[in-house]
Amino acid sequence: MKKILKRYLLFVVGLYFLSAGIVLILRSSLGTTPISSVNYVLSLNTAFSLGTWTFLINLLLIVGQFWFVRDRMNRRDTVEILLQIPFSFLFGLFIDVNMVLTETLQPQHYILSIVLLLLGCLIQAVGVVLEIKPRVAMMSAEGFVSYASRRYNKDFGKMKVLFDVSLVTLALVLSLVLAHKIEGVREGTIIAACITGYIVSFLSNRILTRATLRKILPAKISI
Numbered sequence: 034m035k036k037i038l039k040r041y042l043l044f045v046v047g048l049y050f051l052s053a054g055i056v057l058i059l060r061s062s063l064g065t066t067p068i069s070s071v072n073y074v075l076s077l078n079t080a081f082s083l084g085t086w087t088f089l090i091n092l093l094l095i096v097g098q099f100w101f102v103r104d105r106m107n108r109r110d111t112v113e114i115l116l117q118i119p120f121s122f123l124f125g126l127f128i129d130v131n132m133v134l135t136e137t138l139q140p141q142h143y144i145l146s147i148v149l150l151l152l153g154c155l156i157q158a159v160g161v162v163l164e165i166k167p168r169v170a171m172m173s174a175e176g177f178v179s180y181a182s183r184r185y186n187k188d189f190g191k192m193k194v195l196f197d198v199s200l201v202t203l204a205l206v207l208s209l210v211l212a213h214k215i216e217g218v219r220e221g222t223i224i225a226a227c228i229t230g231y232i233v234s235f236l237s238n239r240i241l242t243r244a245t246l247r248k249i250l251p252a253k254i255s256i
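With the working numbering, the residue at position 198 of the sequence shown is 231, and numbering never jumps.
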């Protein structure tokens, strides 16, 4: 039981880092990440917080996953998808907590915005690695892309690009409709989309390796 708890604890720590990275990118005032673009635009134009919209959109993605496996559902898929609900709630809560903690963080110069953006990308990448390594659950966006890829026999990487582009496009449309201007999508959105994957690969292969994480988790646990 302790072994399992440690794996889940590492996953939750990853979620916190992921949320902190997203919020720091947002606080750079250079845009937000593709995955949070729709949530952010909706939070700016409604009474709901960014964390609340993150949870609600994740619920929609969970429903989408059930639709993808509707005619070939098994117990493993059901458990894997349902497990995303409490973690999505926790992720949304972490985002709102970090929004409060960083509400006074307002860079006054463009170079400081870039620094904050890059720091956010780094912290977000750490969160992604810590989230993936324990292999205990998937977040809703990853699950949605994974099940969509399986449903339509498409490459995961290509489907992920299509998914991100669709989110940014939808965010732009919503922003123009609700605010009559573009909000949340700027050069930082593109930078975050382009470099985060490379940072994740570097951290996963060079720093947060299996050997490193085995010092955190019990040796018998496969990472």
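Where is the CB? At the ideal position from N, CA and C, for every residue including glycine.
What is the rounded straight-line gap between the Cα of Leu203 and the Cα of Lys35?
-> Looking at the two C-alpha atoms, the distance is approximately 43 Å.
Kindly indicate which residue of Gly160, Gly217 and Leu155 has the alpha-carbon position closest to the one of Cys227.
-> Closest by C-alpha distance to Cys227, out of Gly160, Gly217 and Leu155, is Leu155.
Are the beta-carbon atoms belonging to Gly125 and Phe88 less than 9 Å from one another?
-> Yes, these two residues count as a Cβ contact at 9 Å.
Alpha helix (DSSP H) containing Pro67: first to last residue?
-> Segment Pro67 to Leu77, the alpha helix (DSSP H) holding Pro67.
Residue from Ala80, Thr135 and Arg168 whose Cα sits closest to the Cα of Arg116 | Residue identity differs from the one stated: residue 116 is Leu in this sequence, not Arg. It is Arg168 whose Cα lies nearest to the Cα of Leu116.
At least 3 beta-carbon pairs within less than 8 Å: the stretch 52 to 68 vs the stretch 126 to 141 | The stretch 52 to 68 vs the stretch 126 to 141: in contact.
Is Glu175 closer than 9 Å to Tyr73 when the C-beta atoms are compared?
-> In this structure, Glu175 does not lie closer than 9 Å to Tyr73 by Cβ.
Uninterrupted alpha helix (DSSP H) stretches inside the stretch 124 to 212 (no shorter than 4 residues) | You should have 143 to 165, 173 to 185 and 189 to 212.
Report whether the distance from the Cβ of Asp110 to the nearest heavy atom of the ligand FAD is below 8 Å.
-> Of ligands this structure carries none, so the ligand FAD is not represented either.
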